[in-house]
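Okay, structure first, notes after.
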Amino acid sequence: MDDEQHRSLDRTNEEDFVSSGSSVSRTQTEIEAMLVPQLLAAASVGFGNNVLMITVGRLLCGVGGGVTSVAAPVYIGEIATPSQRGLLGSSFQLMLVTGMLLGYLLVHLYPGGGCQFFLDLSFNLYDSHDSCSGKSVYLVLRSDENGAKRALKWLRGKDYCITTELEEIQNSVAKQNIGSLTFRELSKPSILKPFTICVFLMFFSQFTGTNAIVFNLNVIFEASGGKMDSNTQSCIVGVVQVAATIISSILSDRAGRKTLLILSAFAMVICLIVLGVFFYLQKNDPALATSIGWLPLVSLMIYVTFFSIGFGPIPWAIMGELLP
Numbered sequence: 001m002d003d004e005q006h007r008s009l010d011r012t013n014e015e016d017f018v019s020s021g022s023s024v025s026r027t028q029t030e031i032e033a034m035l036v037p038q039l040l041a042a043a044s045v046g047f048g049n050n051v052l053m054i055t056v057g058r059l060l061c062g063v064g065g066g067v068t069s070v071a072a073p074v075y076i077g078e079i080a081t082p083s084q085r086g087l088l089g090s091s092f093q094l095m096l097v098t099g100m101l102l103g104y105l106l107v108h109l110y111p112g113g114g115c116q117f118f119l120d121l122s123f124n125l126y127d128s129h130d131s132c133s134g135k136s137v138y139l140v141l142r143s144d145e146n147g148a149k150r151a152l153k154w155l156r157g158k159d160y161c162i163t164t165e166l167e168e169i170q171n172s173v174a175k176q177n178i179g180s181l182t183f184r185e186l187s188k189p190s191i192l193k194p195f196t197i198c199v200f201l202m203f204f205s206q207f208t209g210t211n212a213i214v215f216n217l218n219v220i221f222e223a224s225g226g227k228m229d230s231n232t233q234s235c236i237v238g239v240v241q242v243a244a245t246i247i248s249s250i251l252s253d254r255a256g257r258k259t260l261l262i263l264s265a266f267a268m269v270i271c272l273i274v275l276g277v278f279f280y281l282q283k284n285d286p287a288l289a290t291s292i293g294w295l296p297l298v299s300l301m302i303y304v305t306f307f308s309i310g311f312g313p314i315p316w317a318i319m320g321e322l323l324p
């Protein structure tokens, strides 16, 4: 790619920032507003001693996670340069699976409980979250050039020349009329098409059954009757999932999103069929099932590997890139 193409991509990126300029502040506010519900959810689930408290905690967790799951990838897409979007877009899924792994490890290390409640780490990210490139667009809109310079300098580094980027932001702000997206505009192909792609990708991501698998790993391993401790097996699967997500963040821009999605779907189908056959054999031929007791662990390791290189991180990355 030559210098002119790079400059064109950078201009497109800044125009994307501006076209969603008013949303920069909104996505920040949405993420920050979810801190309190997430903390209440953690406290309710961690200290809950009845079904009602745990249910309320899970409900709050779902609301907070749902809003953050939309706002965070879009925000990442707003602050990232075109060359960084694939890598940074996958970081959301990486944080999710890292959190799952920590949960598996804590259950393994403290099986008796006592580590259920942890403060939301989002507080530690507040200051950095307020000083990003997307924020610079918002500050230019507010005619705060010095603030925009500080935001860009913080994000790009002291040695990065921000003059060109700041000028492009200012020119884009001057050229474009920033307005709110209306329901009528949602029917436009430029909005409807990326929206539909994102919805279907997220739908099929959930339809892979990943939540049923990762939330019930211990139950699955205990039911399989393997010799290894179920908590240990869950930790192994969690480590594989994190490693595969890291690999995916590197491959997504090189191998192509479509290729990884197709490969991911095909491999997961095979793994789930194998797992189903194992439990069928366990019921109808226990001796044979016992002799291949390692099969559930291997099939689930492969399953989470291919989920983590395809339908895990890619929908989040694409959502951040396509949504206006």
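Heads up, the sequence shown is in UniProt numbering, so the first residue is 1 and it goes up one at a time. Quick reminder that beta carbons are idealized off the backbone N, C-alpha and C, glycines included.
The continuous alpha helix (DSSP H) containing C235 extends over residues 230-255. With contacts defined as CB atoms closer than 9 Å, L217 and S205 fail to qualify as a contacting pair. Secondary structure of T208 (DSSP, three-state): coil.
Under the 10 Å beta carbon count, W294 is surrounded by fewer than 16 other beta carbons and is classified as exposed.
If you look at P313, you'll find it isn't in any alpha helix (DSSP H); DSSP assigns it neither H nor E. With contacts defined as CB atoms closer than 9 Å, P313 and M202 fail to qualify as a contacting pair.
In the three-state scheme derived from DSSP, where H, G and I count as helix and E and B as strand, I318 is classed as helix. A straight line joining the alpha-carbon of L40 with that of T164 spans about 44 Å. Taking 8 Å as the upper bound for CB-CB distance, A289 and L281 are in contact here, some 4 Å apart. Cβ neighbours of R156 within its own chain (closer than 7 Å, five residues either side excluded): I162. With contacts defined as CB atoms closer than 9 Å, I169 and R257 fail to qualify as a contacting pair. Judged by DSSP in its simplified three-state form, S187 adopts helix.
In this structure, the CA atom of G99 is about 21 Å from the CA atom of G48.
Shortest Cα-Cα distance from I197 to any of G57, E321, S69, L96 involves E321. Check the Cα spacing between T210 and each of A43, L35, V97: the tightest is with V97.
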